[in-house]
Every structure is written in C-alpha cells, then in structure tokens.
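Read the structure below first, then the notes.
Number of protein chains: 2
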Amino acid sequence: MNSFIYDIPVRVYFGEGQIKHLGEEVSQYGRRVLLTYGGGSIKRIGLYDTVMEELQKAGMEVYELADIAPNPRIDSVRKGAQMCKEHHIDVLLAVGGGSTLDATKFMAAGACVDHDPWDFLNEKWAPIVKALPIVTVLTLSATGSEMDCGGVISNPETQDKIGRLAPPMLPKASFLDPTYTYSVSRYQTACGAADMISHILEVYFNMEQDLYMLDCFMEGMLKTIIKYTPIAMAEPDNYEARANLMWTSSWAINGFVNGGKQQAWSCHPIEHEISAIYDITHGLGLAIITPRWMEYCLDESTVSKYVQFAVNVFGVDATLPPMEIAREGIRHLSEFLFKTLGLQSTFQEVNIGREHFSTMARKACGGNILPGFKHLNQQDIEKIFEMCLN
Amino acid sequence: MNSFIYDIPVRVYFGEGQIKHLGEEVSQYGRRVLLTYGGGSIKRIGLYDTVMEELQKAGMEVYELADIAPNPRIDSVRKGAQMCKEHHIDVLLAVGGGSTLDATKFMAAGACVDHDPWDFLNEKWAPIVKALPIVTVLTLSATGSEMDCGGVISNPETQDKIGRLAPPMLPKASFLDPTYTYSVSRYQTACGAADMISHILEVYFNMEQDLYMLDCFMEGMLKTIIKYTPIAMAEPDNYEARANLMWTSSWAINGFVNGGKQQAWSCHPIEHEISAIYDITHGLGLAIITPRWMEYCLDESTVSKYVQFAVNVFGVDATLPPMEIAREGIRHLSEFLFKTLGLQSTFQEVNIGREHFSTMARKACGGNILPGFKHLNQQDIEKIFEMCLN
Chain A
21 MNSFIYDIPV RVYFGEGQIK HLGEEVSQYG RRVLLTYGGG SIKRIGLYDT VMEELQKAGM
81 EVYELADIAP NPRIDSVRKG AQMCKEHHID VLLAVGGGST LDATKFMAAG ACVDHDPWDF
141 LNEKWAPIVK ALPIVTVLTL SATGSEMDCG GVISNPETQD KIGRLAPPML PKASFLDPTY
201 TYSVSRYQTA CGAADMISHI LEVYFNMEQD LYMLDCFMEG MLKTIIKYTP IAMAEPDNYE
261 ARANLMWTSS WAINGFVNGG KQQAWSCHPI EHEISAIYDI THGLGLAIIT PRWMEYCLDE
321 STVSKYVQFA VNVFGVDATL PPMEIAREGI RHLSEFLFKT LGLQSTFQEV NIGREHFSTM
381 ARKACGGNIL PGFKHLNQQD IEKIFEMCLN
Chain B
21 MNSFIYDIPV RVYFGEGQIK HLGEEVSQYG RRVLLTYGGG SIKRIGLYDT VMEELQKAGM
81 EVYELADIAP NPRIDSVRKG AQMCKEHHID VLLAVGGGST LDATKFMAAG ACVDHDPWDF
141 LNEKWAPIVK ALPIVTVLTL SATGSEMDCG GVISNPETQD KIGRLAPPML PKASFLDPTY
201 TYSVSRYQTA CGAADMISHI LEVYFNMEQD LYMLDCFMEG MLKTIIKYTP IAMAEPDNYE
261 ARANLMWTSS WAINGFVNGG KQQAWSCHPI EHEISAIYDI THGLGLAIIT PRWMEYCLDE
321 STVSKYVQFA VNVFGVDATL PPMEIAREGI RHLSEFLFKT LGLQSTFQEV NIGREHFSTM
381 ARKACGGNIL PGFKHLNQQD IEKIFEMCLN
C-alpha cells in the first residue's frame, strides 16, 4: 500500500442559488476578471446575466472570451493567455462544462509565462509553476475539472489531444448549482455519465493493494450514477438527480479515491487518440471503449476485481463461478451504457472505420507500452479497436 | 435538499514514513513551535524522538507541553495558550489522539486573545476569529480531530464538557501514519471504532432529504469499520487494517458526509454529560448509548432509514417486514459493539447508577429540547439512560 498526500483546497459552493457568493469569492483575488465560456448556452439559460450582475455588484471589471469549443483547442488557450497579459487580469472565471474549464486553466498558466502555451503540452513539457487564480461555475456534470488541477487540450494542426495535471491550475473555488444542468440534453447527460463511470473504473480496476474504504466509495459513486442518470434523462429538472450526478462528477476524479495507487489510466489515453481525429464526444468514446477494454483485460490474474465490481455494483450472484460473475458485470455495464442510456455502442454507428487504427494505437502507447491495469502495446490497442467496430 | 459550502483545506500526509515531510511543513509557519502531547506513549513508541529529530533538522526552536489528559481539561488549554504568548510561538504541533489535538486547537485560539480560553466555551461564547497555525501527528483513529475544526474541552470545576467548531482551528496539515497506531490497545481500538460509528450514525440517521451519494459513502465507511476493527484488534500491526481505520476516522467527521444536512447530533451531547461526570472513555459511552437511542427513536416515521441501514450495511434480508428489518439492524450493531468488539454493554458494568440521570438529562437538553433525529426532552433522555442501565 503506497503513501500519498491528500491536498484538495478547492472551496465548493454547492446548491441552488449559491451564485450569490460569486462576487465575494471572485473579488478577493482582484478587480479585473476574464470571463470565459462556450457556445452561448449560458446565455440561453440566463446564467450569463446572473453572473454579470453578481460581478458588477462586486465592482469587477469584466473582460470576456466566448466560443470555447468542446475538445478545447490550443488557439482558445493562446487567445485567453494573451488577453490576460494585455488587460492585466487578476482572476479567471470559467462558466461552462469541462472544455471551458480545461481551456481556462491553461490560459491562467499561460498568462504567467512568455512562451507559447502549447509548450506546456508538447514534447517541451514546460514547467507549470504559477497560474492566475481560477474560479469556476459548472454547467455540465462530467469531467470533474471543477475540483482537479488538470485539463486536456487539442491541437488540430498536429492531431494531438494532450492532458496535464499541475497544482497551480487547481480552481480556488467552484460553484456547483444543479439547476444549471437542467438544460443539458438527454444525450449529453448520458455522455457525462459515461465519462464519470470511466473516471472511476480507471482507478477501480487496479490490482495494487490500496484502501478498501476507497473501493467502497467508488462503488457508491457508480451506484449513484446508475440510479440517477436515467432519472435526469427522463426528468431534466429533477434536482435530486442532477445534484447527485454533479457532486459525484467532482469526487470521481478529484484524486481522493486514488489514495496511493500509482497505476496509469488506460481508456482515457486510448479515447483521446480517437477524439483527436474524429471530434467525437469524449464520454461517448469512453462508453464504446470501456466494456471492450474490460473484456480484453479479463483473465485469471485480474478476475477478482471484476467479481468485486459485479457483486457490489450490480448485485450479481456471488455464488456463481468467478469468470461467470465477471462477464455478468461487463454485460450489466454494457446494458446500462447502450440500452438504459441509449448511447451508440459501436464505432460503425459513429462512422469510425479502420483507417486510423494503427496510427491511433501507436500514439496511444507512445510507440511502446501503454502502462495500466494491463500493460497494452500497439497490437493490444488495435485489437480493442477491432472489438469496438461492431 | 439544502445547499452547503465544502471547504476542507487540510493537507494530509498519509502513510508509513510520511513524517519525513514534517520539518518542511511545520517550518513554513515560523521557527518557534509548541509541541503538545499526552501521557508519554509517544515516547514509548519512539515517535517523540522522530518528531524532535525532524524539527531539529528543520531548525525549529521547540517548546513542550506534555501530560494532556484524555477528556482534556481547560487547565491544559490555559497553560498552552499562556506558553504561546510567553514564548511567541509561531505554530503548534499536536502529537497524539483526539484529546491532545482538541486541547491544542483551543490553545492556538487562546493564544490570540486576552481573555480566559474557557470563555470560548461557557455562556460568553467568545468569538474565535483567529488561531495560530496547527499541525497534527495522529496516534489514535477515533475523533477525526485531525481533519476538522472542532474540539471538546472539560471543566471539572463546573462538571461541563463542551464542544465547539471554529474554522480558524482547522489544522493546516495532519500526518496520518497507520504504524503510529500499532500500539493502541485492543480496548482503545474498539472504543475508537465505536466513536467513528457514532460520528457516522449521527449524520446518517436523518430524515432530511440529502445526497444519496453521501449515504453510500457512509455505508462504505461503516462496512470498513466493521471489516477492519476486529482485524486490528487481533493483529495490532496489520497495516491494511490500521490504514483503513485511520482514513475512515478522518472522513467520518470532517464535514464531507454532512452535505446540506442541518440536523443536530443526539448521542454525542448525551454522552458528553456522562463523561463530564464519570470520566468514562468517550467511545465506550457512545457504544452503550447508540443502540438504545436507535431503539428509542424507531417508529413508523423513521423506519425507512433503519431499513436502509440494516440492508446496506449488514446485508439484512430486504424482503422482511420493515420493522423487523429495522430491529435486525439494531441487533447486528449491538452484536458488533458488545460481542465482536467486546465492549461493556451496560451502565452497570461501568459503575454508572441512576444518581445523576436527571441532572445529566437536563443538561443534555439544555433544560428544554435536544433537537436531532427525534427531538428529545429531559424525560426522553432519562428513559434512554434507563435502557442503558442493564
């Protein structure tokens, strides 16, 4: 069992109407704020007006950067970092989903250096030692960016999609008001759930010995997602469902359930290669890959973890033979993702063919080995892609 | 469902050997440290020497206050606050269990005011707006003081035992090394477990609607305690068991599982009146009271929560009639506390008679109503005491 340092000093304002604290929170970092957001949904739901009102009441000087795209691009980051420098920004306020938050984190870091922000992510891997303070207002439960210090940025020129964690990019505070997710579509709600499930399973499927307590927490989060996603899809303004999904999205990936586990992730790096090329919704890509990856990694040496998963999360009969329990667990998960949530289940359905399999697989393993629950080489990943085809 | 603010910026160094970070952590607050501890067990296990070595390596000037008693007294607090003022202390380092940590918190607050620290706890309820920085090294898994901003102090002169929460008293960092709990006796391990169970049940038994996710987490912690306490009692140096209990002790009471629940606690205020007079171990007092309190509060309006508890924590057959499931849950809990852990199960066994029942009950409800899962008046509490007798 490995040692670890737990350190997540994000202040979270959780619940309906907590936005009333926005002004006092943001203004403690200075007077000049860069407000970042995506495609305008925050205007449709009236959140933009509320945020502006709170900022004005607090006497903030507001600069704006809109149109941050899903799978956010390095161009937005460059623009935001530039604006921070030009306008002597004191604090960044990201209002949106994971894409807006992720991009804003790298803007905040980029504002503190002279080089191109892409150097944080390319082979230069420039150090991230400082970032302007970041506050977030979340409108989509999925990536957990509101309570972690990481982000993923795409570079369409190089067909790269690269993630990085750096403590200075941890938000100072995040506002989680479940009502801001009422307008999230059935489809995006489902994709968000798939993303959260994957965050948990990337940590849960691990043969390193770690704290049983954390396994219990992960099982609890999986049960929460399984219980409430269908409710949120059927009743978009069900507060209880949206609230449970929202708080789960943060805890699924803020580092707490990691404990001392060192093992690298598998499905995320694989999916990133797909969405670097195809611009598929991240959660959907994960939904398609995850059950196949589970199937591919199942053997006598790993079966015990699958048994725990199937019994504790889906209530599979613990008296069956282990391999049968394990397969039942995978079957239940697939049914949840593809029947209950109605997500597309194959590459074929989303128009992904074999053409880039070998490139994507090579990139995912860095031309060598993708370490994780089971270490995977290029051939392994290509086989998993084949399983996803239809 | 109520809103809430989540804000627990304690840095936790978890695992064997993490003490190597002690010097860098403590020295960032200044050079003059007040080291506080209890009856000398930290010398027996060699921890005292390790701590001194780390502090010296970091160039700290160390002042010491030893002999902080279980159910810590206001006298220790007064002495510590005085020492902080005299020696211009920059940071307090509490090494021990909950008693040492609790007392140290009020010393840190007392160091910043001119009045008697008891004024923080008596009817004056003096504001706590500042405290010197506190770092803790934990040697007993029970009270959760290492990750919360509260403490409980006794005043033998007035026979009062009073608790208070105040954000400035939150530790900056806590060192949780499970090996430091290897020497905790079977009996204290059991009492610590009973304390943790009570912390969880005080929040769990609640009819306010709150996040299902948090219920899952609480059930996970209860299962963790039930699984690992007997192991830690049988094999005191079982790292896995000690580690699970240690991290659970923090999360059982750091405020996270509260979510937006407003409901006050019941068993703790009742137990505090007992240990204010009898100096019984806090966890043991809670063990005796809790199942009786559960029994007393069970009725048609509350039974659903008992059913959830019995089924999810103890695997009681969910198809039985609800009242039967509820009673089975209480029976399982009693069996765990009094058979598996071997704790004394009645007041009689610990020499508590009826003589102070009415005084203790009156104090527990402040002469009026003790609000909680079920509101209890003096008579109710006396009835619960009667149930505890034998």
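Chains as they are written, first to last, in my numbering: chain A, 21 to 410; chain B, 21 to 410. Where is the CB? At the ideal position from N, CA and C, for every residue including glycine.
Closer than 7 Å to the CB of ASN264 of chain B there is at least one CB belonging to chain A. Against chain B, a Cβ distance below 7 Å from ASP27 of chain A picks out ARG31.
Counted as a single uninterrupted DSSP element, the stretch harbouring ARG374 of chain B is not any beta strand (DSSP E), since DSSP gives it neither H nor E. With 16 or more other Cβ atoms from the protein chains shown falling within 10 Å of its own Cβ, THR268 of chain A counts as buried. The alpha carbon of ALA263 of chain B has as its nearest neighbour, out of A:ILE246, A:LEU234 and A:LYS125, the alpha carbon of A:LEU234. Rounded to whole angstroms, TRP313 of chain A and SER218 of chain A show a C-alpha spacing of 11 Å. Around the CB of ARG374 of chain A, fewer than 16 other CB atoms lie within 10 Å, so the residue is classed as exposed. If you ignore the 5 residues before and after GLU293 of chain B, its C-beta comes within less than 6 Å of the C-beta of MET380, LYS383 and ALA384, all in its own chain and listed in chain order. PHE329 of chain B does not reach chain A, its nearest Cβ partner there being about 15 Å away, counting only Cβ pairs nearer than 9 Å. With three or more CB-CB distances shorter than 8 Å, the stretch 208-224 of chain A counts as touching the stretch 276-285 of chain A.
When DSSP states are grouped into helix, strand and coil, LYS99 of chain B belongs to the helix group.
Residue contact check for PHE24 of chain A against chain B: a CB pair falls below 7 Å. Against chain B, the beta carbon of GLU36 of chain A has neighbours under 9 Å at MET21 and SER23, listed in chain order.
Excluding residues up to 5 positions away in sequence, GLY130, ASP136, PRO137 and TRP138 lie with their Cβ nearer than 8 Å to the Cβ of ARG98 of chain B in the same chain. Inside the stretch 306-379 of chain A, DSSP marks whole alpha helix (DSSP H) runs of 4 or more residues at positions 323-334 and 342-354, from first to last along the chain. Judged by their CB atoms, ASN226 of chain B and GLN283 of chain B are nearer to each other than the 7 Å cut-off. With contact defined as three or more Cβ pairs closer than 8 Å, the stretch 152-169 of chain A and the stretch 182-196 of chain A are in contact. Here THR244 of chain B has ASN264 and THR268 as same chain residues with Cβ atoms under 6 Å from its own Cβ, once five neighbours each way along the sequence are excluded.
With a minimum length of 4 residues, the unbroken runs of alpha helix (DSSP H) contained wholly in the stretch 23-101 of chain B fall at 42-47, 61-64 and 67-77.
Put simply, the backbone Cα of LYS247 of chain B is about 26 Å away from that of SER119 of chain B. GLY171 of chain A: member of the beta strand (DSSP E) spanning 170-175, first to last residue. In this structure, the alpha-carbon of ALA89 of chain B lies about 14 Å from that of LYS181 of chain B. Between VAL53 of chain B and VAL111 of chain B, the beta carbon gap of about 5 Å places them in contact (Cβ cut-off 8 Å). For chain A, the residues of the stretch 239-262 of chain B that bring a beta carbon within less than 8 Å of one of its beta carbons are GLU239, GLY240, MET241, LYS243, THR244, LYS247, TYR248, TYR259 and GLU260, in chain order.
Spatial neighbours of ASP257 of chain A in its own chain (CB-CB distance under 8 Å, excluding positions within 5 residues in sequence) are listed in chain order as THR199 and TYR202. Excluding sequence positions up to five before and after ARG31 of chain B, its CB lies within less than 6 Å of the CB of ALA193, all in the same chain and listed in chain order.
With at least 16 other beta carbons inside 10 angstroms of its own, TRP285 of chain A counts as buried.
Bounds of the beta strand (DSSP E) holding PHE195 of chain B are 193-196. Chain A places no beta carbon closer than 7 Å to that of LEU158 of chain B, leaving this residue out of the contacts. Around MET233 of chain B, the beta-carbon contacts reaching into chain A at under 7 Å are GLY240, MET241, THR244, ASN264, TRP267 and THR268. Within the same chain, and ignoring the five residues on either side of ILE109 of chain B in sequence, the residues whose Cβ sits closer than 6 Å to its Cβ are ARG52 and LEU54. Straight-line spacing of the CA atoms in ILE290 of chain B and GLU344 of chain B works out to 27 Å. Under the Cβ criterion of 7 Å, PHE225 of chain B is not counted among the residues facing chain A. Taking the CA atoms as reference points, GLU74 of chain B sits about 16 Å from TYR57 of chain B.
Neighbours of GLY280 of chain A across chain B, judged by C-beta separation under 8 Å: PHE34 and GLY35. Around GLY392 of chain A, the same chain offers GLN283, ALA284, TRP285 and SER286 as residues with beta carbons nearer than 7 Å, after the five sequence neighbours per side are excluded.
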